[in-house]
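Going by the numbering used here, 274 is the number at position 267 of the sequence shown; the sequence numbering is gapless.
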Amino acid sequence: MQHSKTLYEKGLLKNLKMLTQRQYSNFKFVARLDQIKTFYTGIKALNFENNGKFQISEEGLRVTVEEGNCVQANLYMTATCFAEFHVVDTVTFGLNMNIISECLGLFAGIPCSLKMFYKGNGAPLVLVLRPNDEPDISAECSIKTTNVDEVIDYNLDEDSASLNVVFIRGPALASLIQELNKAADELRITLSPRTPHFKIESLGVMKTETFVEVAKTSDMIMLFNCRETTSACYRNTEMRMTHKALAAATKVAIKTDASGLLEMHFMMQSEEQAEVYVQFYIMPLADI
Numbered sequence: 008m009q010h011s012k013t014l015y016e017k018g019l020l021k022n023l024k025m026l027t028q029r030q031y032s033n034f035k036f037v038a039r040l041d042q043i044k045t046f047y048t049g050i051k052a053l054n055f056e057n058n059g060k061f062q063i064s065e066e067g068l069r070v071t072v073e074e075g076n077c078v079q080a081n082l083y084m085t086a087t088c089f090a091e092f093h094v095v096d097t098v099t100f101g102l103n104m105n106i107i108s109e110c111l112g113l114f115a116g117i118p119c120s121l122k123m124f125y126k127g128n129g130a131p132l133v134l135v136l137r138p139n140d141e142p143d144i145s146a147e148c149s150i151k152t153t154n155v156d157e158v159i160d161y162n163l164d165e166d167s168a169s170l171n172v173v174f175i176r177g178p179a180l181a182s183l184i185q186e187l188n189k190a191a192d193e194l195r196i197t198l199s200p201r202t203p204h205f206k207i208e209s210l211g212v213m214k215t216e217t218f219v220e221v222a223k224t225s226d227m228i229m230l231f232n233c234r235e236t237t238s239a240c241y242r243n244t245e246m247r248m249t250h251k252a253l254a255a256a257t258k259v260a261i262k263t264d265a266s267g268l269l270e271m272h273f274m275m276q277s278e279e280q281a282e283v284y285v286q287f288y289i290m291p292l293a294d295i
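This is the structure we're talking about:
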């Protein structure tokens with residue numbers, strides 16, 4: 008961690024204030040955020056696993072973490088989220104999620120800008136953070152990158168006769184989750200065109216349960232499209248991995264089908280009013 012002038016002294020930057028088009032050719036990836044709050048929130052939501060996989064293309068940034076073969080979480084930020092965005096082809100690398108989270112939190116609570124630089128395979132990802140109200144203060148972090156394996160390709164069939172989709176307001180879903188037994192081993196999620204339309208049950212060791220039900224006509228529900236009844240159980244420890252994303256979400260999309268694979272999208276409002284969301288895939292428990 009060093010003053011950002013170090014980049015200039017190392018020859019990575021020729022101008023401390025900006026990059027020229029000619030200097031872009033030295034980098035595979037350069038991006039700038041005028042406010043890092045939403046990006047930092049998204050990274051923290053994925054920080055339940057050390058190894059993060061970064062994939063950057065003309066469309067934007069995707070960060071992926073996986074917990075075994077049971078949970079996958081993705082942070083998506085379109086290129087329009089960034090004040091500056093330059094990438095050559097498609098760039099992929101691995102990062103330690105704890106380290107990048109700690110770096111982004113150096114000026115926690117203070118409005119802060121971020122620049123990211125990546126020169127290519129084997130090079131570190133360089134972050135330059137600058138508090139917006141303190142132009143003479145900055146911090147530089149150089150984070151080691153690694154090669155990455157392919158991520159698991161989870162997918163729900165959009166044409167499936169059993170595909171169910173519900174959009175619910177984020178704060179409302181967070182309140183519902185608070186009503187459930189936090190010590191429960193499992194959560195069962197039921198979606199149905201019939202009453203109860205949306206039900207979440209918490210199941211403990213003794214199969215004691217608490218539950219919440221929401222009618223499709225509730226003000227909490229923004230969209231309800233259920234073709235047939237689906238019901239599946241999930242480990243509560245894995246469902247809790249979604250809580251940081253849920254706390255920041257303005258709305259949540261819940262998708263599942265007869266397979267029981269659960270897909271959740273946690274939509275966040277970025278400072279640039281662009282699309283940012285965290286997506287989770289969670290595998291169901293096998294029926295015994």
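All residues carry an ideal CB built from backbone N, CA and C; glycine is no exception.
The structure displayed is predicted, hence computed values, not measured ones.
Boundaries (first-last residue) of the alpha helix (DSSP H) holding residue i
{"i": "residue 46", "result": "44 to 52"}
{"i": "residue 180", "result": "177 to 185"}
{"i": "residue 246", "result": "243 to 246"}
{"i": "residue 106", "result": "104 to 111"}
Contact belief for residue i with residue j at Cβ below 8 Å, rounded distance in angstroms
{"i": "residue 5", "j": "residue 78", "result": "One cannot answer for residue 5 here, as it falls past the ends of the chain, which runs 8 to 295."}
{"i": "residue 219", "j": "residue 228", "result": "That pair is no contact at about 13 Å."}
{"i": "residue 171", "j": "residue 233", "result": "4 Å"}
{"i": "residue 131", "j": "residue 152", "result": "6 Å"}
{"i": "residue 117", "j": "residue 138", "result": "5 Å"}
{"i": "residue 104", "j": "residue 37", "result": "Between residue 37 and residue 104 the Cβ distance is about 22 Å, and since that is not below 8 Å, they are no contact."}
Beta carbon proximity, residue i to chain B, threshold 8 Å
{"i": "residue 219", "result": "Of the chains in the structure shown, none is chain B; there is only one protein chain."}
C-beta atoms of residue i and residue j nearer than 8 Å
{"i": "residue 35", "j": "residue 125", "result": "yes"}
{"i": "residue 67", "j": "residue 85", "result": "yes"}
{"i": "residue 82", "j": "residue 69", "result": "yes"}
{"i": "residue 45", "j": "residue 259", "result": "no"}
Paired residues, beta bridge with residue i - DSSP
{"i": "residue 92", "result": "38"}
{"i": "residue 101", "result": "60, 153"}
{"i": "residue 272", "result": "260, 286"}
{"i": "residue 77", "result": "Note: residue 77 sits in no beta bridge, so no partner."}
With 16 other Cβ atoms within 10 Å as the buried cut-off, status of residue i
{"i": "residue 207", "result": "buried"}
{"i": "residue 80", "result": "buried"}
{"i": "residue 289", "result": "buried"}
{"i": "residue 285", "result": "buried"}
{"i": "residue 291", "result": "buried"}
{"i": "residue 210", "result": "buried"}
The beta strand (DSSP E) enclosing residue i, as first and last residue numbers
{"i": "residue 260", "result": "258 to 263"}
{"i": "residue 253", "result": "It is not in any beta strand (DSSP E) - residue 253 instead sits in the alpha helix (DSSP H) that spans 250 to 255."}
{"i": "residue 126", "result": "Careful: residue 126 lies outside any beta strand (DSSP E) and carries neither H nor E."}
{"i": "residue 161", "result": "Counting along the chain, residue 161 falls outside any beta strand (DSSP E), and DSSP gives it neither H nor E."}
{"i": "residue 217", "result": "216 to 221"}
{"i": "residue 133", "result": "132 to 138"}
{"i": "residue 2", "result": "Residue 2 is absent from the structure shown; the chain starts at 8 and stops at 295."}
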